[in-house]
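In full-length UniProt numbering, the protein residues as written are 1 to 433. Encoded as structure tokens, the structure appears first; notes follow it.
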């Protein structure tokens, strides 16, 4: 507040003052810029004329009257490919604005449910612009050597800029329509630390991979340590008091100890079915990066059958290992998760790998597709492990809906944690590694 009193709230100095005060890490810059743009420049929280057009009773049937789901607006047709191509190749700012207005207008009036589907709105606007047809046409021009590599790169940058403008216009209208509620939803959709793994767009996945690598580097500098009794070293007060019970509470013996590096064993079971595959990828990336912290690490992937992939992470780079897993291991027969069968396979084939120093981490949503839970096998595994931790990438309130068995498996776990975004992954990783 003192800074604001000195420089006021106008101009670039105000922007930089807020940025220096509020931005704590590089990833916050994008969120800050969006807040600043929407709130201060767009006067986001003021009532707008557009808000009067929003109806609480606007249903999907009403929406069908203004847009048919194929990217066709009220006029009944999308934007011609040639018009979009001309804009992208010319880089005309005025034409950009016209395309953006037309694409966003084609969606009709906004409904409150749209706050939960911001990425879907962006995709619909892109369909109106026949986005993928435009990309295809540009690729054809490149393949036929009708445009230079420099022009190709320039056009791709223009496409990216057009996408950014589309996103900004959609967000602006949501905030104008729904005020503070809209602003909160827009920012939540922007903040990668809060965005569900299964909702990430491809362009966001790479940024999140970079953040997971940074998290791994932080964790790799830590050292797990435990005390070992010794004739020298720090006096262990708690042990001294325990020993004094034998001598009427009089401490006659000093107990000393030193800290030594403790390297536990880790076994990780990752569900790589479509619904949770992205989360398993991030977790495997994290474990790969900090495996030197453990005495032994064994990694398994599964859908409805189990396959060990430890050898991939010991012989290949992380990107190559993950690529080989995503291209299809022999861990799926039906394509649907079967936790019960996987626990049975592990108990029958790998139980000897579990010791009193083993931490077993299970990654999955516990949706068993109405198959037998076979809890007796998880119980057998848990009885041998030091601890069992289950990380579920779905919202906690959905864990036991329909075929979800989380409550059935939970009694055999030391911890069951929701882990569906980067913020939760950071907290979980700091706790268990």
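Here a beta-carbon is modelled for each residue, glycine too, at the ideal position from N, C-alpha and C.
As assigned by DSSP and simplified to three states, the class of residue i
i: residue 234; result: strand
i: residue 246; result: helix
i: residue 299; result: strand
i: residue 146; result: coil
i: residue 338; result: coil
i: residue 268; result: strand
i: residue 202; result: helix
i: residue 256; result: strand
i: residue 399; result: coil
i: residue 411; result: helix
i: residue 385; result: coil
i: residue 191; result: coil
i: residue 136; result: helix
i: residue 333; result: coil
i: residue 15; result: helix
i: residue 433; result: coil
i: residue 32; result: helix
i: residue 276; result: coil
i: residue 263; result: coil
i: residue 357; result: coil
i: residue 343; result: helix
i: residue 110; result: coil
i: residue 74; result: Here residue 74 scores only 39 on pLDDT, less than 50, and its place in the model should not be relied on; the value that follows carries that caveat. Three-state DSSP puts residue 74 in coil, outside helix and strand.
i: residue 87; result: helix
i: residue 79; result: coil
i: residue 46; result: With a pLDDT of only 46 at residue 46, under 50, the local geometry of the prediction cannot be trusted, and the value read off the model is given with reservation. In the structure shown, residue 46 sits in coil (DSSP, three-state: anything other than H, G, I, E or B).
i: residue 289; result: helix
i: residue 130; result: coil
i: residue 92; result: coil
i: residue 327; result: coil
i: residue 155; result: helix
i: residue 221; result: coil
i: residue 117; result: coil
i: residue 294; result: coil
Whole-angstrom C-beta distance between residue j and residue i, which should lie under 8 Å
i: residue 359; j: residue 432; result: 7 Å
i: residue 88; j: residue 130; result: In fact, because the Cβ distance is near 12 Å, the residues do not count as touching under 8 Å.
i: residue 345; j: residue 305; result: 7 Å
i: residue 114; j: residue 174; result: 7 Å
i: residue 286; j: residue 216; result: 5 Å
i: residue 268; j: residue 300; result: 7 Å
i: residue 208; j: residue 219; result: Actually they are not in contact, since the Cβ atoms of residue 208 and residue 219 sit about 16 Å apart, beyond 8 Å.
i: residue 280; j: residue 337; result: About 12 Å; that fails the 8 Å criterion.
i: residue 423; j: residue 116; result: Actually they do not touch by this definition, with Cβ atoms about 19 Å apart.
i: residue 421; j: residue 406; result: Residue 421 to residue 406, Cβ: 18 Å. No contact.
i: residue 414; j: residue 389; result: 6 Å
i: residue 103; j: residue 134; result: Not a contact, Cβ separation roughly 12 Å.
i: residue 255; j: residue 243; result: 6 Å
i: residue 118; j: residue 189; result: 5 Å
Given residue i as reference, the closest of the options once Cα atoms are compared
i: residue 204; options: 235, 278 and 155; result: 278
i: residue 180; options: 158, 112 and 274; result: 112
i: residue 96; options: 315, 165, 221 and 322; result: 165
i: residue 367; options: 298, 220, 271 and 420; result: 271
i: residue 186; options: 147, 107 and 31; result: 31
i: residue 170; options: 123, 146 and 141; result: 123
i: residue 128; options: 98, 16 and 151; result: 98
i: residue 314; options: 307, 327, 296 and 331; result: 296
i: residue 355; options: 338, 385, 34 and 371; result: 385
i: residue 159; options: 85, 274 and 348; result: 85
i: residue 341; options: 214, 247, 425 and 373; result: 373
i: residue 408; options: 395, 394, 393 and 379; result: 379
i: residue 276; options: 189, 290, 411 and 199; result: 199
i: residue 347; options: 377, 19 and 245; result: 377
i: residue 162; options: 177, 239, 94 and 206; result: 94
i: residue 282; options: 308, 312 and 213; result: 213
i: residue 349; options: 156, 398, 12 and 307; result: 307
i: residue 92; options: 145, 118, 148 and 154; result: 154
i: residue 330; options: 302, 312 and 322; result: 302
i: residue 383; options: 412, 371, 416 and 121; result: 412
i: residue 136; options: 288, 119 and 152; result: 152
i: residue 343; options: 371, 427, 322 and 316; result: 371
i: residue 394; options: 253, 425 and 177; result: 425
i: residue 292; options: 399, 265, 317 and 15; result: 265
Residue i - partner residues in DSSP beta bridges
i: residue 390; result: 362 and 416
i: residue 367; result: 404
i: residue 20; result: Looking at the DSSP assignment, residue 20 forms no beta bridge with any residue, so it has no partner.
i: residue 319; result: None, per the DSSP bridge assignment.
i: residue 169; result: In the DSSP output, where bridge partners are listed per residue, residue 169 has none listed.
i: residue 307; result: 301
C-beta neighbour in chain D for residue i, strict 8 Å
i: residue 307; result: You won't find chain D in this structure, because it holds only one protein chain.
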